[in-house]
Amino acid sequence: MVYTFAHDGGIPVRLMIWRAAIHDWARRPWLGGGLETFRYYPKGWRPGDAFYDRAHNLALDLGVSTGVLGVLGFAWAVAAFMVPTARQALRGRDAVLTALAVGPVAWLLQVQVEPSVIGTNFVLWAVLGCGYAVATSNHPVAVLRDGAM
Numbered sequence: 006m007v008y009t010f011a012h013d014g015g016i017p018v019r020l021m022i023w024r025a026a027i028h029d030w031a032r033r034p035w036l037g038g039g040l041e042t043f044r045y046y047p048k049g050w051r052p053g054d055a056f057y058d059r060a061h062n063l064a065l066d067l068g069v070s071t072g073v074l075g076v077l078g079f080a081w082a083v084a085a086f087m088v089p090t091a092r093q094a095l096r097g098r099d100a101v102l103t104a105l106a107v108g109p110v111a112w113l114l115q116v117q118v119e120p121s122v123i124g125t126n127f128v129l130w131a132v133l134g135c136g137y138a139v140a141t142s143n144h145p146v147a148v149l150r151d152g153a154m
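Quick note: the sequence shown uses the working numbering, first residue 6, plus one each step.
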């Protein structure tokens with residue numbers, strides 16, 4: 006996250022890329038342009054120069070690629086896993102479930118500004134799955150948590 010707020014252009018560069026992503030998303034708002042279709046070439050770009058192929062924001066990247074329907078589908082899937090975990094964490098005041106509920110929130114916040122961690126989304130799904138499994142089953146961790154043993 007160091008480069009996100011770097012003096013040599015972190016925030017202005019992010020804003021420039023986000024504006025371009027919003028512009029691309031607006032062209033095909035409902036279904037998006039397809040996976041890995043975002044490309045932004047800065048003003049004065051010449052062949053051989055670097056360009057941006059990520060929106061540097063997960064929500065915008067999903068929007069450009071999959072549109073409103075994809076963003077809503079992603080949000081629904083994440084919420085379907087997170088809500089039971091969060092409810093059990095609040096109800097039982099369990100440190101493990103709290104970590105499994107808060108971890109995805111931290112990851113989701115970070116990917117709104119740092120594109121290099123978007124490739125770690127398998128961690129998000131693993132933590133969500135573990136949290137859901139522990140929160141909704143009679144798994145030994147859940148049984149111990151409830152004091153049944």
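Note that the Cβ used here is the ideal one computed from N, Cα and C, for glycine as well.
It should be emphasised that the depicted structure is a prediction, and the values quoted were computed from it without experimental measurement.
Residue nearest to residue i in terms of C-alpha spacing, selected from the options
{"i": "H61", "options": "Q117, W130, C135 and A138", "result": "Q117"}
{"i": "F127", "options": "E119, V139, Y137 and W112", "result": "W112"}
{"i": "L65", "options": "P109, V132, V110 and A31", "result": "A31"}
DSSP-derived helix/strand/coil call for residue i
{"i": "Y46", "result": "coil"}
{"i": "S142", "result": "coil"}
{"i": "R96", "result": "helix"}
{"i": "N126", "result": "helix"}
{"i": "P89", "result": "helix"}
{"i": "M6", "result": "For M6, the predicted model reports a pLDDT of 40, less than 50, meaning its position is unreliable and no value from the coordinates is stated."}
Straight-line Cα distance separating residue j from residue i
{"i": "G75", "j": "W81", "result": "10 angstroms"}
{"i": "A138", "j": "R19", "result": "37 angstroms"}
{"i": "A25", "j": "E119", "result": "17 angstroms"}
{"i": "V107", "j": "M21", "result": "30 angstroms"}
{"i": "L129", "j": "L67", "result": "15 angstroms"}
{"i": "L158", "j": "P52", "result": "Because the chain here runs from 6 to 154, residue 158 falls outside it and cannot be looked at."}
{"i": "D54", "j": "F43", "result": "16 angstroms"}
{"i": "L63", "j": "S142", "result": "31 angstroms"}
{"i": "L102", "j": "F79", "result": "22 angstroms"}
{"i": "W50", "j": "T125", "result": "30 angstroms"}
Residues of its chain near residue i, where Cβ-Cβ distance is below 6 angstroms and the 5 sequence neighbours each way are ignored
{"i": "Y46", "result": "F56"}
{"i": "I16", "result": "none"}
Proximal residues to residue i (C-beta, below 8 angstroms), its chain only, five neighbours per side dropped
{"i": "G134", "result": "F86"}
{"i": "R92", "result": "A140"}
Neighbourhood of residue i by C-beta distance below 7 angstroms, restricted to the same chain and skipping five residues each side
{"i": "D58", "result": "F43 and R44"}
{"i": "G72", "result": "R33, P34, W35, L36 and G37"}
Residues bridged to residue i (per DSSP)
{"i": "Y3", "result": "This structure does not reach residue 3, given that the chain is present from 6 up to 154, and the question cannot be answered."}
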